[in-house]
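Residues in the sequence shown are numbered consecutively from 3, following this note's numbering.
Virtual Cβ for every residue (Gly too), placed ideally from N, Cα, C.
Step one of this worksheet: look at the structure below.
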Amino acid sequence: MTVEKDPARRAPDPQDVSESKKLWTSLISGGCAGAMSRTIVSPLERLKIIMQVQPTPAKGEKKAYAGVLKGLTKIWREEGFQGFMRGNGLNCLRIAPYSAVQFATYETVKGWLAHPVRHEYKNADGFTEVYTRKELGTLGRLCAGAIAGFTSVVSTYPLDLVRSRISIASASMYIESGKSATVMTHVPGIMETACKVYAEEGGLRGLYRGCLPTSMGVAPYVAFNFVFYESARAMLTKEDGTPPGPVIKLCLGAWAGAVSQTLTYPLDVIRRRMQVSGMKDSRLGVQDKNAFDAIRNIVARSGFRGLYYGLLPNLLKVAPSTGAYFLTYEVVGNLLSPNVK
């Protein structure tokens, strides 16, 4: 015997919720998810950026920031706890709207592309129950994720560029023979850095320096993230629509983030170099004209290995960060709208 599943008992369908409520839920949940995920890995985030853009040492010399443990120790010794959090306030200020736009865009496009799927399963009484909900295939998730990634980057890019500048401003990346590296005593603030870039690097063009390679790198990363996470989540969802528990979601998010970042990491290195290429500091050695020039310079100086500098601290950051990202989004979303899963 087949029966239509009782709406009160079946897994809640996002389509049961009004579009406006879904949008606000996605915006608020996404903002909270972004801020939480970045704060818990702030030290590794800053170290990653420094390792990506520090100058190549002369023959016989070592990099100022060599290795995760040594790099973190160096930051702590020279700048203390404040050094670990350097740029995190701006990062949260950027990531909150970034994540909000990303999730809201993804859920919106997902709603446009999704199609109804009929599900059947046997309940505890042996009856076959049926329910229908909108779902999205792999190609649809890729498209929705790519659009979400591109939209979120363009809407918050100037804040990302300023954060990168502040993150490396106080780092003693320059090793000089017989001398100790000097740490900046004055670290420019958000407005000071933004105004400096605007005044010295061509106005808005300077604030959007590297936006194209960033979009090209973030779009596939976000697309892969959603595809890997949602596909794995769907595989572990029970027949009656009950999703996996919090710990499983945390692990799935960590796995999805690590794989996605490894696949797209060279593009992340290129965008960081493009963001700092306008800084008037000859010692930094980053004077790339465009993304292709950046690739050529990196490979010429450090080989293809240079495209993966900073990958280890980034993976240590991305795994817990992405896990917390998806988990926080779902937890906050369920608190705001219990019918949104």
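For a test of the three-state rule: what should DSSP assign to tyrosine 67, helix, strand or coil? Looking at tyrosine 67 - three-state DSSP - the assignment turns out to be coil, as it is neither helix nor strand.
At what residues does the beta strand (DSSP E) containing arginine 307 begin and finish? Premise fails: arginine 307 is in no beta strand (DSSP E) and is neither H nor E.
Return the CA-CA distance between leucine 95 and valine 119, expressed in angstroms with no decimal places. Approximately 39 Å between the Cα atoms of the pair.
In angstroms with no decimal places, state the Cα-to-Cα distance between valine 75 and leucine 49. In the sequence as displayed, the identity of residue 75 is threonine instead of valine. Going from the Cα of threonine 75 to the Cα of leucine 49 covers about 10 Å.
Which of the three DSSP states, helix, strand or coil, is assigned to methionine 3? Unreliable placement is indicated for methionine 3, whose pLDDT of 47 sits below 50; the coordinate value is still reported in the next sentence. Coil, per DSSP.
Is it true that the segment 214–230 meets the segment 259–276, where meeting means three or more beta-carbon pairs spaced less than 8 Å apart? Per the Cβ contact rule, the segment 214–230 is in contact with the segment 259–276 (3 or more Cβ pairs under 8 Å).
What span of residues does the alpha helix (DSSP H) with arginine 2 cover, start to end? What is shown of the chain runs 3 to 343, which leaves residue 2 out entirely.
Tell me whether the segment 143–151 and the segment 219–229 touch, counting them as touching only if at least three CB pairs, one residue from each stretch, are closer than 8 Å. Counting C-beta pairs with one atom in each stretch, the segment 143–151 and the segment 219–229 have three or more that are closer than 8 Å, which means they touch.
Taking C-alpha atoms, which residue in Cys145, Ala260, Gly82 lies nearest to glutamate 109? With respect to the C-alpha of glutamate 109, the residue from Cys145, Ala260, Gly82 having the closest C-alpha is Cys145.
Which word fits glutamate 332, buried or exposed, when buried means at least 16 other C-beta atoms lie within 10 angstroms of its C-beta? It counts as buried.
Given this structure, state the Cα-to-Cα distance separating leucine 252 from threonine 330, to the nearest angstrom. Going by C-alpha positions, leucine 252 is about 9 Å away from threonine 330.
Would tyrosine 223 and threonine 266 be called neighbours here (beta carbons separated by less than 8 Å)? Cβ atoms of tyrosine 223 and threonine 266: closer than 8 Å.
Name the two residues that bound the continuous alpha helix (DSSP H) containing glutamate 137. For glutamate 137, there is no enclosing alpha helix (DSSP H); the residue is part of the beta strand (DSSP E) that begins and ends at 130–137.
Closest Cα partner of aspartate 162 within the set Trp114, Leu46, Asn90, Asp127: That would be Asn90, whose Cα lies nearest to the Cα of aspartate 162.
Would DSSP call tyrosine 123 helix, strand or coil? Looking at tyrosine 123 - three-state DSSP - the assignment turns out to be strand.
Measure how close the beta-carbons of leucine 338 and serine 31 come, nearest whole angstrom, since I'm counting them as under 8 Å. Yes, they are in contact, since the Cβ atoms of leucine 338 and serine 31 sit about 7 Å apart, within 8 Å.
List the residues that DSSP assigns as beta-bridge partners of proline 118. As computed with DSSP, proline 118 is found in a beta bridge with Lys136.
Could you tell me the alpha carbon to alpha carbon distance between tyrosine 100 and glycine 128, rounded to whole angstroms? Put simply, the backbone Cα of tyrosine 100 is about 47 Å away from that of glycine 128.
Taking arginine 1 as the reference, which of Arg143, Leu141, Glu122 has the closest Cα? In the structure displayed, the chain extends from 3 to 343; residue 1 sits before or after that span and is not available.
Please name the residue, chosen from Gly82, Glu137, Tyr67, Arg79, that lies closest to glutamate 232 on a Cα-to-Cα basis. Ranking the options by Cα distance to glutamate 232, first place goes to Glu137.
Within 8 Å, strictly: CB atoms of glycine 325 and glycine 247: Contact: no.
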